[in-house]
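Numbering (UniProt numbering), first residue to last: 1 to 167.
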């Protein structure tokens, strides 16, 4: 069986899907950042099982510094496999567990091109008055469970506290 290359029309559709993913991921990021900037992040519950996710994350990834993330903890072959096993445990338990998500590298800063993991292609989103760089990548993109694991840890440890009323 031979594999065929996608047609020009199919490639256009893939680009549209990628842009849709980017807009949805940016909307999620903006909403989350507004929340942690307005309320006490320690009191924020992202899922019904935050405590379980945090415990599992800390046991599975003790080497990850959630204050300032390092690409090697996410993008190496070994890291990807470790994350895949972690993420798949939550398939039936966490809604939208595998949706694309943007993750801040440095927890003290907002979502920016320089402070966002998982991006190769940059789009400018002018939709709904937004003027924020959106990062999207289909070769490797962060998923919601990675976002939850990192942000639940940051919130519980008080690392997002300094963002409140920053804007």
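Ideal Cβ positions, reconstructed from N, Cα and C, are used throughout, including at glycine.
Identity of the residue in the options nearest residue i by Cα
{"i": "residue 58", "options": "75, 82 and 48", "result": "82"}
{"i": "residue 28", "options": "151, 92 and 16", "result": "151"}
{"i": "residue 163", "options": "85, 48, 80 and 33", "result": "33"}
{"i": "residue 100", "options": "20, 60, 143 and 117", "result": "143"}
{"i": "residue 92", "options": "77, 48 and 113", "result": "48"}
Residues near residue i by beta carbon distance below 7 Å, same chain, minus five either side
{"i": "residue 90", "result": "97 and 145"}
{"i": "residue 115", "result": "104, 105, 106 and 109"}
{"i": "residue 149", "result": "53 and 57"}
{"i": "residue 64", "result": "73"}
{"i": "residue 46", "result": "148, 151 and 152"}
{"i": "residue 16", "result": "none"}
Supposed contact pair residue j and residue i - C-beta distance, whole angstroms, cut 8 Å
{"i": "residue 153", "j": "residue 66", "result": "5 Å"}
{"i": "residue 36", "j": "residue 69", "result": "In fact, because the Cβ distance is near 16 Å, the residues do not count as touching under 8 Å."}
One or two residues paired with residue i in a DSSP bridge
{"i": "residue 116", "result": "104"}
{"i": "residue 68", "result": "106"}
{"i": "residue 143", "result": "100"}
Beta-carbon contacts of residue i that lie in its chain and below 6 Å, excluding the five residues immediately before and after
{"i": "residue 129", "result": "Low local confidence applies: a pLDDT of 37 at residue 129 is under 50, so the model's placement there is unreliable, with the coordinate-based value given in what follows. Answer for residue 129: no residue qualifies."}
{"i": "residue 50", "result": "152"}
{"i": "residue 84", "result": "none"}
Same chain, Cβ closer than 8 Å to residue i, neighbours up to 5 away in sequence not counted
{"i": "residue 86", "result": "56, 57, 60, 61, 145 and 149"}
{"i": "residue 111", "result": "26, 29, 30, 33, 102, 104 and 132"}
{"i": "residue 71", "result": "117"}
Any chance the region 149-164 sits against the region 40-49, with 3 or more Cβ pairs inside 8 Å? At 8 Å Cβ cutoff, the stretches touch.
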